[in-house]
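Protein chains: 2
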Amino acid sequence: MVDNLTVPSPETEIPEEVSGLRMTRQRREVYRILLQDRDHPTANDVFLRVKDALPSISLATVYNCLEALVQHGIVRQVNFERESSRFCPNVAEHGHFHDRSTGVIHDITFKPGVNLSDFLDLPAGAVITDIELTLRGQLGSI
Amino acid sequence: MVDNLTVPSPETEIPEEVSGLRMTRQRREVYRILLQDRDHPTANDVFLRVKDALPSISLATVYNCLEALVQHGIVRQVNFERESSRFCPNVAEHGHFHDRSTGVIHDITFKPGVNLSDFLDLPAGAVITDIELTLRGQLGSI
DNA sequence: ACCAATATCAAGAACTATTCTAAATTGGTT
DNA sequence: AACCAATTTAGAATAGTTCTTGATATTGGT
């Protein structure tokens, strides 16, 4: 079941404006691609996919669109090590699990009601505004 | 109190060989610099600092040395977003807290006895081998 | 101690992901 | 339809890092 409040389905009509960002043809297509396959594509992946609908789009435009979407909180930019940035339309707070054997990246959510200070020794008075969590490993050969 | 088992003090004699890595003059100096100021310097920071002791060292050599140290588990490479990699001699499992107002990066440790699955919804059968945690925020203006 | 084999270093070129620049295009508004 | 601002495009520029090559140093076997 998909939470349509935070992540619209790819079939949903994307409106003229989302979170104060005017949806141009390019931005709409880029966003639609992100909604279509939630596989955390890179800018270049998006570029290649979006060409089907907009053959004349440029890579710079894809970067522009992704930046606009990220800055308006519609899309999240995720960095793993020094690899190319990846993008996902799930803007709810979540971390990532990188399966080393398949390369697949899974979103992982925090259990409800858990507090950071429950399991971390934080500096006194630290106010956390942003969490970035990446796990690596394998999806068990049980 | 510093844990001399995982992080030697900068005054400690660095032996001929550490974890199977032969300590050349350059590697020893690079490592010493990391032990000296635990402020998560970039490769270029290290380069500038190490020049005092080895004026003829090249940036490429600093990269080589850092890579060797990282690959032998003596030093940890830390990436924040798409910034330059940073390096720290603390190879014990820990996360980072990035103070937005001062730019200072603090190491944060996990409370003992805590299990990942206590606060995360992990995919069934996931075996975690590596954790990367970065928090951002401010050190409270109380 | 000597020599060959091996590892390391230095310098700069090359590479990759991303950003910048400037000109062209688009879209909404008078 | 003309105007203006925003957007797009293509290619150049940039930053960080890696690669290549030849020089230098170190090790192990004699």
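Top line first, the protein sequences correspond to chains P and X.
Just so you know, we're using the numbering used here here: the first sequence kicks off at 1 and counts up by one.
Just so you know, we're using the numbering used here here: the second sequence kicks off at 1001 and counts up by one.
Idealized CB from N, CA, C, for every residue including glycine.
Tell me where the beta strand (DSSP E) around X:L1133 begins and ends. Residue mapping note: residue 1133 of chain X aligns to position 133 of the second sequence, counting from 1. Run containing X:L1133: A1126 to L1139, per the beta strand (DSSP E) assignment.
Proximal chain X residues relative to P:R136, where beta-carbon distance stays under 9 Å: To locate residue 136 of chain P, count along the first sequence from 1; it is residue 136. Result: I1128, T1129, D1130, I1131 and E1132.
Using beta carbons (cut-off 8 Å, strictly below), is P:G140 in contact with chain X? Walking along the first sequence from the start, residue 140 of chain P turns up at place 140. For P:G140, the closest Cβ of chain X is nearer than 8 Å.
For the structure I just gave you, are there three or more beta carbon pairs, one from the stretch 1078-1091 of chain X and one from the stretch 1118-1126 of chain X, closer than 8 Å? No, they do not touch.
Can you check DSSP and say which residues form a bridge with X:E1017? What you label residue 1017 of chain X is simply residue 17 of the second sequence in a count that begins at 1. Note: X:E1017 sits in a beta bridge opposite X:R1022.
Please state whether DSSP places P:F147 in a helix, a strand or coil. With chain P represented from 1 up to 142, any question about residue 147 of chain P goes unanswered, as that position is not in the structure.
By DSSP, does X:F1087 sit in helix, in strand, or in coil? Numbered from its first residue, the second sequence carries residue 1087 of chain X at position 87. Three-state DSSP puts X:F1087 in a strand.
Exposed or buried, which one is P:P15 when buried takes at least 16 other CB atoms within 10 Å? Mapped onto the first sequence, residue 15 of chain P falls at position 15. Exposed, since its Cβ has fewer than 16 Cβ neighbours within 10 Å.
Bridge partner(s) assigned by DSSP for X:D1045: Sequence index remark: in the second sequence, residue 1045 of chain X carries index 45 (1-based). DSSP lists no partner for X:D1045.
Run the CB neighbour count on X:T1134, radius 10 Å, all protein chains shown included, and call it buried at 16 or more, exposed below. Within the second sequence, residue 1134 of chain X is the residue found at index 134, counting from 1. Per the 10 Å Cβ criterion, buried.
To the nearest angstrom, how far is it from the Cα of X:N1004 to the Cα of P:V18? Numbered from 1 along the second sequence, position 4 holds the residue referred to as residue 1004 of chain X. Numbered from 1 along the first sequence, position 18 holds the residue referred to as residue 18 of chain P. Residue confidence for X:N1004 is low, a pLDDT of 41 falling below 50, so the modelled location carries little weight; the figure read from the coordinates is stated next. One alpha carbon belongs to X:N1004, the other to P:V18, and they sit about 54 Å apart.
Report, in whole angstroms, the separation of the C-beta atoms of P:F110 and P:E93, which I expect to be a contact under 8 Å. Within the first sequence, residue 110 of chain P is the residue found at index 110, counting from 1. Within the first sequence, residue 93 of chain P is the residue found at index 93, counting from 1. Contact between P:F110 and P:E93 holds: CB atoms are separated by about 7 Å, below the 8 Å threshold.
P:K111 at chain X interface by Cβ criterion, 8 Å: For this step, residue 111 of chain P is matched to residue 111 along the first sequence. Chain X contact via Cβ: present.
Hey, could you find the ends of the beta strand (DSSP E) P:T12 is sitting in? Working through the first sequence from its first residue, we reach residue 12 of chain P at position 12. From DSSP, P:T12 is part of no beta strand (DSSP E); its letter is neither H nor E.
Excluding five sequence neighbours on each side, which residues of the same chain lie with their C-beta closer than 6 Å to the C-beta of P:R49? The residue given as residue 49 of chain P occupies position 49 in the first sequence. Here the set comprises I33.
Do you know offhand how far P:N75's Cα is from X:A1053's? Position 75 of the first sequence, counted from the start, is the residue given in the question as residue 75 of chain P. Position 53 of the second sequence, counted from the start, is the residue given in the question as residue 1053 of chain X. A small correction: the amino acid at residue 75 of chain P is Val; Asn does not occupy that position in the sequence shown. Distance from the CA of P:V75 to the CA of X:A1053, rounded to the nearest whole angstrom, comes to 47 Å.
Chain X within 8 Å of P:H143, Cβ atoms only: Shown here, chain P extends from 1 to 142; a query on residue 143 of chain P therefore has no answer.
Is it the case that the Cβ atoms of X:D1118 and P:R136 are separated by a distance below 8 Å? Position 118 of the second sequence, counting from 1, holds the residue named residue 1118 of chain X. Position 136 of the first sequence, counting from 1, holds the residue named residue 136 of chain P. No, Cβ-Cβ distance for X:D1118 and P:R136 is not below 8 Å.
Can you pull the chain X residues whose beta carbon is under 8 Å from the beta carbon of P:V114, in chain order? To locate residue 114 of chain P, count along the first sequence from 1; it is residue 114. Near P:V114 (Cβ distances below 8 Å), the residues of chain X are D1118 and F1119.
Consult DSSP for P:V62 and reduce its assignment to one of helix, strand or coil. By one-based count along the first sequence, residue 62 of chain P stands at place 62. DSSP places P:V62 in helix when its eight states are reduced to three.
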